[in-house]
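For reference, the structure discussed in these notes is given below.
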Amino acid sequence: MYHCDRILRSSTMETLLTLNPIKPQIYLPNYPNSRITSHRRLHPPISCKLTSQSPKDKTQNKVVVPDAAPSLSEENGNPPPAAVDSRRKKTGGVFLKRLTKRVLAFLANLPLALAEMFTVAGLMALGTAIDQGEVPEYYFQKYPEDNPILGFFTWRWILTLGFDHMFSSPVFLGTLILLGASLMACTYTTQIPMVKVARRWSFLHSANTIRKLEFAESLPKASIQDLGVVLSGVGYEVFMKGPSLYAFKGMAGRFAPIGVHLALLLIMSGGTLSATGSFRGSVTVPQGLNFVMGDVLGPNGFLSTPTEAFNTEVHVNRFSMDYYDSGEVSQFHTDLSLFDIDGKEVMRKTISVNDPLRYEGVTIYQTDWSISALQILKDDEGPFNLAVAPLTVNGDKKLYGSFLPIGNTGSPNVKGISMLLRDLQSVVLYDSEGKFAGVRRPNSKLPIEIDGTKIEIVDAIGSSGLDMKTDPGVPIVYAGFGALMLTTCISYLSHTQVWALQDGTTVVVGGKTNRAKIEFPEEMNRVLDRVPEIQESSDVICG
20 MYHCDRILRS
30 STMETLLTLN
40 PIKPQIYLPN
50 YPNSRITSHR
60 RLHPPISCKL
70 TSQSPKDKTQ
80 NKVVVPDAAP
90 SLSEENGNPP
100 PAAVDSRRKK
110 TGGVFLKRLT
120 KRVLAFLANL
130 PLALAEMFTV
140 AGLMALGTAI
150 DQGEVPEYYF
160 QKYPEDNPIL
170 GFFTWRWILT
180 LGFDHMFSSP
190 VFLGTLILLG
200 ASLMACTYTT
210 QIPMVKVARR
220 WSFLHSANTI
230 RKLEFAESLP
240 KASIQDLGVV
250 LSGVGYEVFM
260 KGPSLYAFKG
270 MAGRFAPIGV
280 HLALLLIMSG
290 GTLSATGSFR
300 GSVTVPQGLN
310 FVMGDVLGPN
320 GFLSTPTEAF
330 NTEVHVNRFS
340 MDYYDSGEVS
350 QFHTDLSLFD
360 IDGKEVMRKT
370 ISVNDPLRYE
380 GVTIYQTDWS
390 ISALQILKDD
400 EGPFNLAVAP
410 LTVNGDKKLY
420 GSFLPIGNTG
430 SPNVKGISML
440 LRDLQSVVLY
450 DSEGKFAGVR
460 RPNSKLPIEI
470 DGTKIEIVDA
480 IGSSGLDMKT
490 DPGVPIVYAG
500 FGALMLTTCI
510 SYLSHTQVWA
520 LQDGTTVVVG
530 GKTNRAKIEF
540 PEEMNRVLDR
550 VPEIQESSDV
560 ICG
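Counting from 20, one number per residue, gives the positions in the sequence shown under the working numbering.
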């Protein structure tokens, strides 16, 4: 490094530019042999420093000739296009990174996640209160505009927002997706970094640092090796290096919150798939008739896709009922046969309430029953099937009726025998005047004569009420709930860390835990009580 000094002279002095690595010099022209060396500068001094990258760099004066002439943009002082593109990419990357951080911070906000959870719960409760899947006329009558609920809630809200199919409505699915995004953002920004921090550990080499932990104790006349053996015996992972010790247990408790979030995501994914990719349908089939699955099942969402099982034919072989001693219906059963497209029976099962039939993803439930016909003999002729219709009565009990015309059936005032029945056990008969005539059980083979007509009740033919569905999300939901229960239990495990340092004959022990703050000192005291004390050996001199 050289100092370049510019010296102003009087009328008898000349301006000289000298390069001296040590100090400036002043030359007087009238005294050529004189040389005055000075450590002070004349005023006004102006200095500059020439600094190279390296003291030994000898290429600083090298002239480099480019292979090509500079572009017009470079001559005008503008950067080349490549540099502009690189700068734009860099600026765009920084902006995208900042935007991602802001979005993640917004989604991981705890008040927002709680609001989303309460919104989902409220929509589910509303979907339970509002009858789902009904025709629009049903909502016109139940939620009229002239008598709105709470002063504003009418059928327009239900049909506009899709609350008649709540669990596949855009409002419900959108809220569910937002809640899932919040769970993933919380996992990425909070839970995963916490696990990474928990997995990082190091030995503590200062006794004062250990004494500042949540729990700290000193063991005089103890060995750190003995402490490590005791800690290992109670489930700790122990690491030792020289006089230092580190031990931990319960690391699974740190991973459990991530598992809880993943389990919740599984449950919501399975529920969404059920709402948008399933088929549902219901049918009432008289005994002896059949139907095709695909004719009953209807899509429930935009992801619903039919399978080969939809071509299966279902035949109702027999419908029967069980009764209590009081005569009330206790259970009802349906004997079903399934036939493939070639007419081959592929499955047969008698189903009942809470005992469905499952075949290639399709589930058939026994949900209801009815009476479709009465089979009778009239004057020893027949049998004849009389249609049975449900009658409206007060209360929830079912009542069915049938009518057998007698006499001149072409008359406008047709008279006949009326029959009433509540189940398949018995039939109550009335004459043409409406007077009670008697009671007969089906297949009792006991005829009864009414208004000159002999009638025998051969059978009461029941109808089976079946609900059918395909739900591809059920296994995912079950897996999610199983994982949720498991990870919730694991999350209660405490992640405990222990440090120790051998300080002479004293072992300084300290530790901390994320849970069980009260039990942790008690556990550590029990552990330390098991550490053996070193006995000092003494020489005994016998004289």
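The beta-carbon is built from N, C-alpha and C at its ideal position, and this holds for glycine as well. Note that this is a predicted model, so its numbers are computed, not measured.
For the beta strand (DSSP E) containing residue i, name the first residue and the last one.
i: phenylalanine 274; result: Segment 271-296 is the alpha helix (DSSP H) holding phenylalanine 274; no beta strand (DSSP E) there.
i: alanine 328; result: Premise fails: alanine 328 is in no beta strand (DSSP E) and is neither H nor E.
i: tyrosine 255; result: First-last for tyrosine 255: undefined, no H or E at that position.
i: lysine 434; result: 434-440
i: phenylalanine 455; result: 455-459
i: leucine 448; result: 446-449
Please state the DSSP three-state secondary structure of residue i.
i: arginine 309; result: One point to set straight first is that residue 309 is asparagine, not arginine, in the sequence displayed. In the structure shown, asparagine 309 sits in a strand (DSSP, three-state: E or B).
i: tryptophan 220; result: coil
i: histidine 334; result: strand
i: glutamine 385; result: strand
i: leucine 250; result: helix
i: threonine 303; result: strand
i: glycine 199; result: helix
i: glutamate 364; result: strand
i: tyrosine 162; result: coil
i: valine 348; result: strand
i: tyrosine 419; result: strand
i: alanine 241; result: coil
i: phenylalanine 234; result: strand
i: phenylalanine 171; result: coil
i: threonine 574; result: The requested residue 574 is not part of the displayed model; the chain covers only 20 to 562.
i: proline 212; result: helix
i: threonine 228; result: helix
i: phenylalanine 526; result: Correcting the residue identity first, residue 526 is valine in this sequence and not phenylalanine. In this structure, valine 526 counts as strand in the three-state DSSP scheme.
i: aspartate 341; result: strand
i: aspartate 478; result: strand
i: proline 74; result: For proline 74, the predicted model reports a pLDDT of 41, less than 50, meaning its position is unreliable and no value from the coordinates is stated.
i: glycine 645; result: Only positions 20 to 562 of the chain appear in this structure, which leaves residue 645 out of reach.
i: proline 155; result: helix
i: glycine 317; result: strand
i: threonine 411; result: coil
What residue range does the alpha helix (DSSP H) around residue i cover?
i: phenylalanine 500; result: 493-509
i: alanine 148; result: 129-148
Return the bridge partner residues of residue i from the DSSP annotation.
i: threonine 515; result: Lys268, Thr532
i: serine 263; result: Lys260, Leu520
i: threonine 472; result: Ile469
i: valine 113; result: In the DSSP output, where bridge partners are listed per residue, valine 113 has none listed.
i: methionine 543; result: The partner list for methionine 543 (beta bridge, DSSP) is empty, contrary to what the question assumes.
i: threonine 489; result: Phe298, Val381
i: glutamate 400; result: Lys397
i: serine 188; result: According to DSSP, serine 188 bridges with nothing at all.
i: phenylalanine 358; result: Glu332, Glu364
i: threonine 369; result: Asp354
i: alanine 124; result: DSSP, once it has assigned bridges, lists no residue as partnering alanine 124.
i: alanine 424; result: For clarity, residue 424 is proline in the given sequence; the question names alanine instead. DSSP, once it has assigned bridges, lists Gly435 as partnering proline 424.
i: aspartate 374; result: Ser371
i: leucine 405; result: Leu393
Buried or exposed: where does residue i fall if 16 or more other Cβ atoms within 10 Å of its Cβ makes it buried?
i: leucine 440; result: buried
i: threonine 291; result: buried
i: lysine 116; result: exposed
i: isoleucine 55; result: Reliability fails at isoleucine 55, whose pLDDT of 37 lies under 50, so the model's placement of it is uncertain and the value that follows must be treated cautiously. Classification for isoleucine 55: exposed.
i: tryptophan 174; result: buried
i: arginine 218; result: exposed
i: threonine 331; result: buried
i: asparagine 52; result: With a pLDDT of only 43 at asparagine 52, under the threshold of 50, the placement of this residue in the model should not be trusted, and no figure is reported.
i: leucine 423; result: buried
i: valine 154; result: exposed
i: histidine 224; result: exposed
i: methionine 504; result: exposed
Measuring only between beta-carbons, confirm whether residue i sits less than 8 Å from chain B.
i: lysine 116; result: The chain labelled as chain B is not found in the depicted structure, where only one protein chain is given.
Mind the definition here: the segment 312-332 touches the segment 235-242 only if three or more C-beta pairs lie below 8 Å; say whether that holds. Using a Cβ-Cβ distance cut-off of 8 Å, the segment 312-332 and the segment 235-242 are not in contact, since fewer than three pairs of beta carbons, one from each stretch, lie closer than that value.
Take every Cβ of the segment 292-305, pair it with every Cβ of the segment 179-192, and state whether three or more of those distances are shorter than 8 Å. With the cut-off at 8 Å, the segment 292-305 and the segment 179-192 touch.
Looking at C-beta atoms only, is the number of pairs between the segment 462-469 and the segment 268-284 that lie closer than 8 Å three or more? The segment 462-469 vs the segment 268-284: no contact.
Please determine if the segment 380-391 and the segment 479-493 are in contact, where contact requires at least 3 C-beta pairs separated by less than 8 Å. Touching, yes, given that three or more Cβ pairs across the two stretches are closer than 8 Å.
I'd like to know if the segment 503-521 and the segment 335-343 are in contact, where contact means that at least 3 CB-CB pairs between them fall below 8 Å. With fewer than three CB-CB distances shorter than 8 Å, the segment 503-521 does not count as touching the segment 335-343.
Given 8 Å as the limit, is there contact between the segment 192-207 and the segment 120-136, that is, 3 or more CB pairs closer than that? By the Cβ rule, the segment 192-207 counts as touching the segment 120-136, because three or more pairs are nearer than 8 Å.
Contact between the segment 422-440 and the segment 341-356 (3+ Cβ pairs under 8 Å): Taking one beta carbon from each stretch, the segment 422-440 and the segment 341-356 have fewer than 3 pairs nearer than 8 Å; the two do not touch.
Would you check if there are 3 or more beta carbon pairs closer than 8 Å linking the segment 535-550 to the segment 248-259? Three or more Cβ pairs closer than 8 Å define a contact, and the segment 535-550 meets that threshold against the segment 248-259.
Do three or more CB pairs link the segment 520-529 to the segment 259-273 at distances below 8 Å? With contact defined as three or more Cβ pairs closer than 8 Å, the segment 520-529 and the segment 259-273 are in contact.
Would the segment 490-510 and the segment 300-313 be scored as touching if the rule is three or more Cβ pairs under 8 Å? As far as the Cβ criterion goes, the segment 490-510 does not touch the segment 300-313, which means the pair count is below three.
Taking 8 Å as the threshold, find out whether the segment 351-371 comes into contact with the segment 447-458 through three or more Cβ pairs. No, the segment 351-371 is not in contact with the segment 447-458.
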